[in-house]
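In this text, residue positions in the sequence shown follow numbering that gives the first Met the number 0: the first is 0, and each later residue adds one.
Report on one structure; see the data block that follows.
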Amino acid sequence: MRDLTDYYSNFNQYIKQDFQQYRCQVDEFMSQINKITSSDAIIGATHEFIRNRQENFVNEAINEHFVK
0 MRDLTDYYSN
10 FNQYIKQDFQ
20 QYRCQVDEFM
30 SQINKITSSD
40 AIIGATHEFI
50 RNRQENFVNE
60 AINEHFVK
């Protein structure tokens with residue numbers, strides 16, 4: 000049972016770190032969007048942001064800890 004508790008703790012820490020990194024990326028994206036006045040440019044920037052994120056941070060964590 001101790002191994003499972005340690006594993007969960009490590010997984011939880013990984014999720015927290017990955018979310019913080021993702022949050023920084025979102026904050027940076029939002030600061031760039033605030034400088035844009037054209038709705039077409041905002042839509043284009045949003046699509047690019049989504050394309051640059053390979054996967055959702057939760058999916059990445061699950062793949063890292065459970066799939067491998």
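Quick reminder that beta carbons are idealized off the backbone N, C-alpha and C, glycines included.
Three-state class that DSSP yields for residue i in the structure shown
| i | result |
| --- | --- |
| R52 | coil |
| K15 | helix |
| N33 | coil |
Within-7 Å CB hit, residue i to chain C
| i | result |
| --- | --- |
| I14 | Note that chain C does not occur in the displayed structure, where there is just one protein chain. |
Proximity to residue i [Cα-Cα], best of the options
| i | options | result |
| --- | --- | --- |
| I49 | Q12, D2, I35, M29 | M29 |
Inter-residue spacing [alpha-carbon to alpha-carbon] between residue i and residue j
| i | j | result |
| --- | --- | --- |
| Q31 | D17 | 21 Å |
| T45 | F10 | 29 Å |
| N51 | S37 | 21 Å |
| A40 | Q20 | 25 Å |
| Y6 | I35 | 44 Å |
| Q12 | E27 | 23 Å |
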